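Enquirer: Following this message is one structure expressed as structure tokens.
Protein chains in written order, with UniProt numbering: chain A, 1 to 240; chain B, 1 to 240.
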């Protein structure tokens with residue numbers, strides 16, 4: 001089955017698939033992940049083993065039922081980018097797709113967070129999923145930065161920073177039992193990365209084209225660290 | 001066995017442990033990782049099964065025999081930091097300990113790199129090791145940034161960026177079959193992260209205090225994205 005088939009199937013969310021996820025989580029919470037077998041899950045859902053394996057290659061996959069769809073969505077979103085898209089902002093927007101998937105179902109996401117912290121095998125599975133998201137972002141940035149000095153280095157560092165910022169916000173939200181504003185938290189965290197690597201997404205970029213030839217003059221001590229110079233520029237841009 | 005015991009034992013590098021690693025790699029390369037059992041390894045090394053498990057909890061651990069020692073070294077190095085150490089530079093120096101471990105034995109590191117690319121289980125193991133290094137760096141930075149706004153966010157993002165830059169340089173070196181200058185590659189990559197997050201560690205910082213008041217003047221179109229302005233500043237600083 002190709003990943004796009006999988007994505008379509010996941011998007012359709014057939015009731016049997018949902019029933020299997022619900023049954024699995026009920027059992028994981030009642031008796032523990034390790035103590036639950038696929039046979040237990042299919043018995044509770046009232047379906048056969050083959051139905052389970054039609055949707056999920058393994059017991060671990062039922063814990064993260066939507067990552068394949070989300071990875072496919074992210075890849076499609078990045079592939080649909082144009083040259084006019086500022087690359088760092090684009091990968092930040094791509095990361096927001098992952099947050100949206102978690103925020104769609106707060107109770108389920110919080111349950112899974114607790115489960116994943118307890119089961120080392122699930123933690124390993126999650127690390128491999130996070131790695132795949134990071135590589136998708138890095139691959140896009142590498143293509144955008146192709147031919148520039150340090151293009152792959154810059155791409156890898158920014159992809160890792162975006163993932164770390166996203167996960168920092170996601171974990172805060174999960175620890176609030178899904179009660180905080182997930183969108184605001186991730187916007188703040190990703191804004192931090194955009195500032196470090198691409199500059200603010202706000203007023204300057206949205207100003208009408210006629211104003212684009214205005215100049216900004218920044219005078220800075222040579223010894224000042226680069227981030228301070230960037231801060232000065234941002235302050236200057238914000239002031240007028 | 002505590003991790004400091006493990007570290008001491010690893011540092012002593014008893015011949016039996018080395019013999020087990022050598023035997024394991026000979027077999028992994030000859031017949032493949034999956035096709036090699038612990039029994040095969042101990043038979044070739046001429047020792048009993050119990051000796052194997054005295055040094056390595058599992059077959060995967062024999063592939064990465066020095067990470068526990070390196071993690072212990074990194075933790076000790078960070079714990080020995082003072083308030084006068086610039087935190088971003090300190091975590092970059094901590095990351096250099098990992099590179100040094102790889103560079104100590106280029107032929108072995110290159111063999112393992114090829115093996116890890118072929119065996120998904122080893123890839124997962126490696127991700128979990130990388131995650132532990134990243135958390136060690138993040139824990140140090142979180143403590144240093146405690147009480148600052150966005151301290152944990154900043155810590156997590158910088159730790160991820162340092163690990164990504166280190167691994168970008170490490171992979172380039174491994175792909176050169178260990179022939180390139182590993183130290184120069186990682187210095188360059190980590191310099192990139194230090195510039196983004198802490199200001200340049202190089203010439204400007206080392207310039208005598210009297211020169212610090214030199215100024216840099218940058219004139220830029222207002223519409224230019226911030227990263228382009230930063231590029232201009234970097235070029236200007238590098239030129240004179």
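Even glycine gets a Cβ: it sits at the ideal position worked out from N, Cα and C.
Since we're looking at a predicted model, the values are computed, not measured.
Taking all protein chains shown into account, do 16 or more other C-beta atoms lie within 10 angstroms of the C-beta of residue 194 of chain A, making it buried, or fewer, making it exposed?
Expert: Here residue 194 of chain A refers to the residue found at position 194 when the first chain is read from its first residue. Result: buried.
Enquirer: By the 9 Å beta-carbon criterion, what residues does the region 130–149 of chain B contribute toward chain A?
Expert: Against chain A - using a Cβ distance shorter than 9 Å - the residues of the region 130–149 of chain B are 130, 131, 134 and 138.
Enquirer: Considering Cα atoms alone, identify which of A:188, A:155 and A:73 is closest to residue 197 of chain A.
Expert: Here residue 197 of chain A refers to the residue found at position 197 of the first chain. Cα-wise, what sits closest to residue 197 of chain A is A:155.
Enquirer: Chain B partners of residue 196 of chain A, CB-CB under 8 Å?
Expert: As a working mapping, residue 196 of chain A is identified with position 196 in the first chain. Neighbours of residue 196 of chain A on chain B, chain order: 157, 196 and 197.
Enquirer: Hey, residue 59 of chain A and residue 38 of chain A are a contact pair by Cβ (cut 8 Å); roughly how many whole angstroms apart?
Expert: Within the first chain, residue 59 of chain A is the residue found at index 59, counting from 1. Within the first chain, residue 38 of chain A is the residue found at index 38, counting from 1. Right, the Cβ-Cβ distance comes to about 6 Å (below 8 Å), so this counts as a contact.
Enquirer: What number of angstroms, rounded off, separates the C-alpha of residue 114 of chain A from the C-alpha of residue 131 of chain A?
Expert: Sequence index remark: in the first chain, residue 114 of chain A carries index 114 (1-based). Sequence index remark: in the first chain, residue 131 of chain A carries index 131 (1-based). So the two alpha carbons sit approximately 20 Å from each other.
Enquirer: In chain order, which continuous runs of the alpha helix (DSSP H) of length 4 or greater are located wholly inside the region 58–133 of chain A?
Expert: Entirely contained in the region 58–133 of chain A, the alpha helix (DSSP H) runs reaching 4 residues are, in chain order, 59–63, 67–79, 87–103 and 106–118.
Enquirer: Can you give the Cα-Cα distance for residue 127 of chain B and residue 116 of chain B, rounded to whole angstroms?
Expert: What you label residue 127 of chain B is simply residue 127 of the second chain in a count that begins at 1. What you label residue 116 of chain B is simply residue 116 of the second chain in a count that begins at 1. Looking at the two C-alpha atoms, the distance is approximately 11 Å.
Enquirer: Taking the alpha-carbon of residue 121 of chain B as reference, which of B:71, B:61, B:138 and B:68 has the nearest alpha-carbon?
Expert: Along the second chain, read from residue 1 onward, the residue named residue 121 of chain B stands at position 121. Out of B:71, B:61, B:138 and B:68, B:61 has the C-alpha closest to the C-alpha of residue 121 of chain B.
Enquirer: Going along the region 13–45 of chain B in order, which residues come within less than 9 Å of chain A, judged by CB to CB distance?
Expert: Answer set for the region 13–45 of chain B: empty.
Enquirer: Assuming residue 192 of chain A contacts residue 85 of chain B under a Cβ cut-off of 8 Å, what Cβ separation, rounded to an integer in Å, is found between them?
Expert: Position 192 of the first chain holds residue 192 of chain A. Position 85 of the second chain holds residue 85 of chain B. Wrong, their Cβ atoms sit about 23 Å apart, outside the cutoff.
Enquirer: If we ignore side chains and look at the alpha-carbon of each, how far apart do residue 69 of chain B and residue 78 of chain B end up?
Expert: As a first step, residue 69 of chain B is located in the second chain; it is residue number 69 there, counting from the start. As a first step, residue 78 of chain B is located in the second chain; it is residue number 78 there, counting from the start. Going by the C-alpha atoms only, they are around 14 Å apart.
Enquirer: Are residue 67 of chain A and residue 163 of chain A touching if we call contact CB-CB under 7 Å?
Expert: Translated into positions along the first chain, residue 67 of chain A becomes position 67. Translated into positions along the first chain, residue 163 of chain A becomes position 163. Taking 7 Å as the Cβ cut-off, residue 67 of chain A and residue 163 of chain A do not qualify as a contacting pair.
Enquirer: Per DSSP, what kind of secondary structure is residue 187 of chain A in: helix, strand or coil?
Expert: If you number the first chain from 1, residue 187 of chain A lands on position 187. Residue 187 of chain A: helix per DSSP, three-state reduction.
Enquirer: Would you check if there are 3 or more beta carbon pairs closer than 8 Å linking the region 131–141 of chain B to the region 94–104 of chain B?
Expert: Flag = yes, the region 131–141 of chain B and the region 94–104 of chain B touch.
Enquirer: I'd like to check one pair, residue 55 of chain B with residue 119 of chain B: are the Cβ atoms closer than 7 Å?
Expert: To locate residue 119 of chain B, count along the second chain from 1; it is residue 119. To locate residue 55 of chain B, count along the second chain from 1; it is residue 55. It is not a contact, given that the beta carbons lie outside the stated cut-off.
Enquirer: State the Cα-Cα distance for the pair residue 159 of chain A and residue 148 of chain B, rounded to the nearest angstrom.
Expert: Looking up residue 159 of chain A in the first chain gives position 159. Looking up residue 148 of chain B in the second chain gives position 148. About 25 Å.
Enquirer: Quick check on DSSP: helix, strand or coil for residue 195 of chain A?
Expert: Looking up residue 195 of chain A in the first chain gives position 195. In this structure, residue 195 of chain A counts as helix in the three-state DSSP scheme.
Enquirer: Count the other C-beta atoms from every protein chain shown that fall within 10 angstroms of the C-beta of residue 105 of chain B, then say buried if there are 16 or more, exposed otherwise.
Expert: Against the second chain, residue 105 of chain B aligns to sequence position 105. Classification of residue 105 of chain B: exposed, given that the 10 Å Cβ count is below 16.
Enquirer: Give me the Cα-Cα distance between residue 103 of chain A and residue 182 of chain A, rounded to the nearest whole angstrom.
Expert: By 1-based counting over the first chain, the position of residue 103 of chain A is 103. By 1-based counting over the first chain, the position of residue 182 of chain A is 182. Whole-angstrom Cα-Cα distance: 7 Å.
Enquirer: Taking only beta-carbon atoms, is residue 94 of chain A less than 7 Å away from chain B?
Expert: Numbered from its first residue, the first chain carries residue 94 of chain A at position 94. Residue 94 of chain A does not count as touching chain B.
Enquirer: Counting only beta-carbon separations shorter than 7 Å, does residue 58 of chain A have a partner in chain B?
Expert: Walking along the first chain from the start, residue 58 of chain A turns up at place 58. So no, residue 58 of chain A is outside the interface.
Enquirer: Is residue 35 of chain B helix, strand or coil by DSSP?
Expert: Stepping through the second chain from its first residue, residue 35 of chain B is reached at position 35. Three-state DSSP puts residue 35 of chain B in coil, outside helix and strand.
Enquirer: Just to confirm my understanding: we take residue 242 of chain B, look at its own chain, exclude 5 residues before and 5 after, and list those with CB closer than 6 Å. What are they?
Expert: Residue 242 of chain B cannot be examined here, being either before or after the span of chain B that is shown, 1 to 240.
Enquirer: Thinking just about the alpha-carbon of each residue, which of A:176, A:73 and A:152 is nearest to the one in residue 171 of chain B?
Expert: Translated into the one-based positions of the second chain, residue 171 of chain B becomes position 171. Residue 171 of chain B has its Cα closest to that of A:152, out of A:176, A:73 and A:152.
Enquirer: Does any residue of chain A bring its CB to less than 7 Å from the CB of residue 192 of chain B?
Expert: Taking the second chain and counting its residues from 1, the one referred to as residue 192 of chain B is at position 192. True, the Cβ-Cβ gap to chain A drops below 7 Å.
Enquirer: Just how far apart, CA to CA, sit residue 180 of chain A and residue 27 of chain B?
Expert: For the purposes of this step, residue 180 of chain A is identified with residue 180 of the first chain, where counting begins at 1. For the purposes of this step, residue 27 of chain B is identified with residue 27 of the second chain, where counting begins at 1. Spanning the two alpha carbons is a distance of roughly 53 Å.
Enquirer: Give me the Cα-Cα distance between residue 189 of chain A and residue 15 of chain A, rounded to the nearest whole angstrom.
Expert: Position 189 of the first chain, counted from the first residue, corresponds to residue 189 of chain A. Position 15 of the first chain, counted from the first residue, corresponds to residue 15 of chain A. Each residue's Cα considered, the two are about 36 Å apart.
Enquirer: Between residue 178 of chain B and residue 109 of chain B, how many whole angstroms is the CB-CB distance? I'm expecting something under 8 Å.
Expert: Here residue 178 of chain B is taken as the residue at index 178 of the second chain, counted from 1. Here residue 109 of chain B is taken as the residue at index 109 of the second chain, counted from 1. With 8 Å as the limit, residue 178 of chain B and residue 109 of chain B qualify as a contact, their Cβ atoms being about 6 Å apart.
Enquirer: Under three-state DSSP, which class holds residue 18 of chain B?
Expert: The residue labelled residue 18 of chain B in the question sits at position 18 within the second chain. Helix, per DSSP.
Enquirer: Using a beta-carbon distance below 7 Å, is residue 128 of chain A in contact with chain B?
Expert: Mapped onto the first chain, residue 128 of chain A falls at position 128. So yes, residue 128 of chain A belongs to the interface.
Enquirer: In the structure shown, what three-state DSSP assignment does residue 241 of chain B receive?
Expert: It is not possible to answer for residue 241 of chain B, since the shown part of chain B is limited to 1 through 240.
Enquirer: Just to make sure I have the definition right: I need the residues of chain A whose C-beta is within less than 7 Å of the C-beta of residue 242 of chain B. Which are they?
Expert: No answer is possible for residue 242 of chain B: it lies beyond the span of chain B, which begins at 1 and ends at 240.
Enquirer: Can you name the residues of chain B whose CB is closer than 7 Å to the CB of residue 153 of chain A?
Expert: Position 153 of the first chain, counting from 1, holds the residue named residue 153 of chain A. By Cβ distance, chain B contributes 165, 168, 189 and 192.
Enquirer: Look at residue 20 of chain B and residue 52 of chain B and say whether their C-beta atoms are less than 7 Å apart.
Expert: To locate residue 20 of chain B, count along the second chain from 1; it is residue 20. To locate residue 52 of chain B, count along the second chain from 1; it is residue 52. Yes.
Enquirer: Give the range of the alpha helix (DSSP H) segment to which residue 53 of chain A is assigned.
Expert: One-based indexing of the first chain puts residue 53 of chain A at position 53. First-last of the alpha helix (DSSP H) with residue 53 of chain A: 49–55.
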